[in-house]
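Student: Each residue of the sequence shown is one higher than the last, beginning at 1 in my numbering.
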Amino acid sequence: MNILEFSAPIGLGSLLAGFLGALTGLGGGALLVPFLTLALKVDMRDAIGASLISVMATSSGAAAAYVAEDQPRGTARGKWAWGFRCHHRERLIAAALPRR
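Structure follows, in structure tokens:
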């Protein structure tokens, strides 16, 4: 299975999980991890890792945006928010690297 054949079902499944998660209040990972493991035969550890990375990326971006809300970039809170956003992105990339 090449990358395009694998990306299309993941993209459609992610859109469906996001839509159903928004309707029901569930997180998308609660729907996407079973889809990845059962339908696409992805290893459970890889599916959970992908879900955790996406949750960390979304929550760190939202937290930084919340802290920086109504704060100019020159203030201490604005600087903290932008630094947190940039630093957290590097840790997410390092966590996503394969360890096998």
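Glycine included, each C-beta is placed from N, C-alpha and C at the ideal position.
GLY28: buried (16+ other C-beta within 10 angstroms of its C-beta) or exposed?
Tutor: Taking the first residue of the sequence shown as 1, we reach residue 28 at position 28. Classification of GLY28: buried, given that the 10 Å Cβ count is 16 or more.
Student: Could you spell out where the alpha helix (DSSP H) holding ALA39 opens and where it closes?
Tutor: In the sequence shown, the residue the question calls residue 39 occupies position 39. Element bounds for ALA39: n/a, residue is neither H nor E.
Student: Candidates PRO9, LEU26, ALA39, LEU38: which alpha carbon is nearest VAL105's?
Tutor: The first residue shown for the chain is 1 and the last is 100, placing residue 105 beyond what the model contains.
Student: Helix, strand or coil for LEU26 per DSSP?
Tutor: As a working note, residue 26 is residue 26 in the sequence shown. Of the three classes helix, strand and coil, the one that applies to LEU26 here is coil, per DSSP.
Student: In angstroms, rounded to a whole number, what distance separates the CA positions of MET44 and THR37?
Tutor: To locate residue 44, count along the sequence shown from 1; it is residue 44. To locate residue 37, count along the sequence shown from 1; it is residue 37. So the alpha carbons of these two residues sit roughly 6 Å apart.
Student: Is the Cβ-Cβ distance between VAL33 and ALA47 less than 8 Å?
Tutor: Working through the sequence shown from its first residue, we reach residue 33 at position 33. Working through the sequence shown from its first residue, we reach residue 47 at position 47. Their beta carbons are under 8 Å apart, which means VAL33 touches ALA47 by this criterion.
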